[in-house]
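A.B. asks:
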Amino acid sequence: MKQDSFQNRRPVHDPKDFFGREEEIVDIYNQILTLNSISLVGERKIGKTSFLLHLVHPQTIAKYKILPESILMFYIDISSCSFSKPSDLFRRFLECISEKITGEIKEKTDLLLKKEYIHSQQFEEIIKMINNNTQEIVFFLDEFEKISMIKQGDIFSNLRYLTQMYDVVFVVSTSRDLRSIFKEKRFSTSPLFNIFTRYQLHGLDENASHKLITAALEREDLNADPSVLDSIIRFSGTNPFFLKLTLFECFKMAMDDFLSFDSDLRDLIQQELEPYHRHNWESLPRNEQDTLLDIIEEGNAYDSFAEHALERKGYIAKEKTEVYITSESFQVFLKNILDSHSNILANLEIRIVEIDTQDNLTEGDRNAIRDAASNIENQKSRSNNLQAPVFEIIGYLELEMREYNRNILEAALGADWFKNALNSKPKEEIEKRIFKTRKRIKDFQYPENPFDYSVLENLTDIILQSNNWDHYFSKYFEDKKAFEVKMKEIIDIRNRIAHFHSISFNEAVAVIHNILWILARMRKQV
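The sequence shown maps to residues 89 to 614 in our numbering.
#1: Would you be able to state if there are at least three C-beta pairs under 8 Å between the region 163-173 and the region 222-230?
#2: Going straight from the alpha carbon of N556 to that of A509, what length do you get?
#3: On the three-state DSSP scale, how would you describe E157?
#4: How about E595 and I581: do their beta carbons lie closer than 8 Å?
#5: S172 to Q147, Cα distance in whole Å?
#6: Could you check where the beta strand (DSSP E) with V316 kicks off and where it finishes?
#7: Counting only the same chain and skipping the five closest in sequence on each side, list residues whose C-beta sits under 8 Å from that of E112.
#8: Between the beta-carbon of P174 and the beta-carbon of N219, is there less than 8 Å?
#9: For Q223, is the classification buried or exposed, using 16 other Cβ atoms within 10 angstroms of its Cβ as the cut-off for buried?
#10: Suppose you measure from the CA of D92 to the CA of L300; what does that come to, to the nearest Å?
#11: Helix or strand or just coil, what does DSSP make of G291?
#12: Would DSSP call R307 helix, strand or coil?
#13: For K203, which three-state DSSP category applies?
#14: What's the C-alpha gap between Y492 and S276?
#15: Rounded to the nearest angstrom, what separates L547 and N431 at their Cα positions?
#16: Less than 8 Å between C-beta atoms, sequence neighbours within five positions excluded: which residues of the same chain meet that for L182?
#17: Between which two residues does the alpha helix (DSSP H) harbouring L229 extend?
#18: Could you tell me which residues DSSP pairs with L615 in its beta bridges?
#19: So, are the CB atoms of I518 and Y534 less than 8 Å apart?
#20: Where DSSP assigns a beta bridge to A405, which residues make up the other side?
#21: Is I496 helix, strand or coil by DSSP?
#22: Return the chain-ordered list of same chain residues with a C-beta closer than 6 Å to the C-beta of L335, the five sequence neighbours on each side being excluded.
#23: Tell me whether V100 sits in a helix, a strand or coil according to DSSP, three-state version.
#24: Where V257 and N124 are concerned, what is the direct C-alpha to C-alpha distance, given to the nearest angstrom?
#25: Beta carbon of I321, beta carbon of E294: below 8 Å?
#26: What does the Cβ neighbour count give for Q419, buried or exposed, with the cut at 16 atoms within 10 Å?
#27: How is the alpha helix (DSSP H) around N282 delimited, first residue to last?
#28: So is F565 buried or exposed if we call it buried at 16+ other beta carbons inside 10 Å?
#29: Could you name the residues that DSSP lists as bridge partners for F162?
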């Protein structure tokens, strides 16, 4: 195989290796010519970097009759840079500019680059000189989410000001919508978002996919039946990276200069694509995940907003009244997700039955776990309402642990149990909550059980405290590491729910298993 003529894992630098996207190219150039900045959004490995590199390539610029003397275009991979302050970004901009300009502007640019710190006003002077020379400036900023590494100053305001005051355009690429990425307070309210026109980059069209495969076959001196080409496209979908990865494996297995696509090869490629499917799946919003599973399981999409988003991203397509997954490989991945849900569900049903065999559980324990498990089971692959039953059963555990910890320590230490059994951190946090409550309530009564003002973190720390574990709790829980891990998993999921983040079906079931394990040991008679 001509390894150097076909590299499946690298961005495309040569225009002859770039296929399709003509409509997007025209749209982007038209936006640039009218001084509109662009937010290019696309899934991982969909070809964002290749697309930006193609847009700035001199051959592409010439092909679409963009006058190079009227526009300066620069590509910058933000992820490859080390920025801590706006001056660092201005320096990188100027380094790019210096490579393409001549004369007085270049002299002033190079002189400015020798300075240790570049002020925004100094940078703007260079921009003004270029604009006065009737040249527009376009910065293509790849991996734009990495701009958040700039902690000093207000970089978003700096960038927006440049687009307002000068002929400067930014084309930024990210894996998700800008507002969903930049959630920090210093970014989230920025008016910078308003300057961008959003473009969703999806897979190639079928014609471009065929051209990509045909060109690769010609370079490798291979032949293939047209039906094989169709099979490859149906299997991998039209994501250019997936197509190239599939072809790369096909070429390695090609016999007698003829390309085939049998089941063994499909299985091999499925394994190669699996990590990328997993990453894309985990990056999708929960409602879009549920819609994909609806399509696999029932052939229908019930959430029109999620359906539209998935179609825009290229995961699904519609043909008359039918909705289908565009990649057979991704379809296999989704079916495996459903199968894993079924297996977990079967295991959960077994555990629900086992609840009645746990003699040491209280009736309250059984009812709480059974109710939560039943609510989760009813959701199956749906995850819209998992948070409520999970949060409720975690709340039940917290209440029971407050009483349990108090009973164990009081039985061993007597009336001064709270004073003698706690190290400083959980004790201080509990007393601080009591103090705050006492300030708010006029006739406040000190609680009979101070643990009523504790949270799961405090209760866990108290149990794991060396002296407490060795003398009081080890005989119940036995395995310190297992207890610590299970409590951490429960607390992490509780925190995510409390901050309005969704959880998966697997995580919901794991909470039930962990709480059942903990309660069963709390109720042991020793």
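Here a beta-carbon is modelled for each residue, glycine too, at the ideal position from N, C-alpha and C. Note that the structure is predicted; figures quoted are calculated from it, not measured.
C.D. replies: On the basis of the data shown:
#1: yes
#2: Residue numbering aside, residue 556 sits at position 468 when the sequence shown is read from its first letter. Residue numbering aside, residue 509 sits at position 421 when the sequence shown is read from its first letter. Using only the alpha carbons, I get a separation of about 7 Å.
#3: Here residue 157 refers to the residue found at position 69 of the sequence shown. Three-state result, E157: coil.
#4: Position 507 of the sequence shown, counting from 1, holds the residue named residue 595. Position 493 of the sequence shown, counting from 1, holds the residue named residue 581. Yes.
#5: In the sequence shown, residue 172 corresponds to position 84, counting from 1. In the sequence shown, residue 147 corresponds to position 59, counting from 1. Straight-line Cα distance between these residues: approximately 35 Å.
#6: Against the sequence shown, residue 316 aligns to sequence position 228. Looking at the DSSP string, V316 is not in any beta strand (DSSP E); the run it does join, the alpha helix (DSSP H), is P314 to S324.
#7: As a first step, residue 112 is located in the sequence shown; it is residue number 24 there, counting from the start. So the list reads F139, Y287 and L289, once near-sequence residues are dropped.
#8: Position 86 of the sequence shown, counting from 1, holds the residue named residue 174. Position 131 of the sequence shown, counting from 1, holds the residue named residue 219. No. Outside cutoff.
#9: The sequence position of residue 223 within the sequence shown is 135, counting from 1. Answer is buried; the Cβ neighbour count reaches 16.
#10: The count along the sequence shown starts at 1 and reaches residue 92 at position 4. The count along the sequence shown starts at 1 and reaches residue 300 at position 212. Interpretation of D92 is limited by its pLDDT of 44, a score under 50 that renders its predicted location unreliable; the figure taken from the coordinates is listed afterwards. Taking the straight line joining both Cα atoms gives about 16 Å.
#11: Start at 1 with the first residue of the sequence shown, and residue 291 comes out as number 203. Residue state, collapsed to three classes: coil.
#12: As a working note, residue 307 is residue 219 in the sequence shown. Helix, per DSSP.
#13: As a first step, residue 203 must be located in the sequence shown, where it is residue number 115. Coil at K203, not helix or strand.
#14: Here the question's residue 492 lines up with position 404 in the sequence shown. Here the question's residue 276 lines up with position 188 in the sequence shown. Roughly 43 Å separates the two Cα atoms.
#15: Sequence index remark: in the sequence shown, residue 547 carries index 459 (1-based). Sequence index remark: in the sequence shown, residue 431 carries index 343 (1-based). Straight-line Cα distance between these residues: approximately 33 Å.
#16: Within the sequence shown, numbered from 1, the residue matching residue 182 stands at position 94. Here the set comprises T197, L200, L201, I206, F211 and I214.
#17: Counting from one through the sequence shown, the residue named residue 229 turns up at place 141. Counting along the chain, L229 falls outside any alpha helix (DSSP H), though it belongs to the beta strand (DSSP E) covering E224 to D230.
#18: This structure does not reach residue 615, given that the chain is present from 89 up to 614, and the question cannot be answered.
#19: As a working mapping, residue 518 is identified with position 430 in the sequence shown. As a working mapping, residue 534 is identified with position 446 in the sequence shown. No, the Cβ-Cβ distance between I518 and Y534 is not below 8 Å.
#20: In the sequence shown, counting from the first residue as 1, residue 405 sits at position 317. In the DSSP output, where bridge partners are listed per residue, A405 has Y412.
#21: Numbered from 1 along the sequence shown, position 408 holds the residue referred to as residue 496. DSSP places I496 in helix when its eight states are reduced to three.
#22: Indexing the sequence shown from 1 puts residue 335 at position 247. These residues qualify, in order along the chain: A304.
#23: Mapped onto the sequence shown, residue 100 falls at position 12. In this structure, V100 counts as coil in the three-state DSSP scheme.
#24: The residue labelled residue 257 in the question sits at position 169 within the sequence shown. The residue labelled residue 124 in the question sits at position 36 within the sequence shown. Answer to the nearest angstrom: the Cα atoms are 6 Å apart.
#25: One-based indexing of the sequence shown puts residue 321 at position 233. One-based indexing of the sequence shown puts residue 294 at position 206. Result yes, Cβ atoms of I321 and E294 sit closer than 8 Å.
#26: Numbered from 1 along the sequence shown, position 331 holds the residue referred to as residue 419. That one is buried.
#27: The sequence position of residue 282 within the sequence shown is 194, counting from 1. Per DSSP, N282 belongs to no alpha helix (DSSP H) and is neither H nor E.
#28: For this step, residue 565 is matched to residue 477 along the sequence shown. By the 10 Å Cβ count, F565 comes out buried.
#29: Residue numbering aside, residue 162 sits at position 74 when the sequence shown is read from its first letter. Note: F162 sits in a beta bridge opposite F227.
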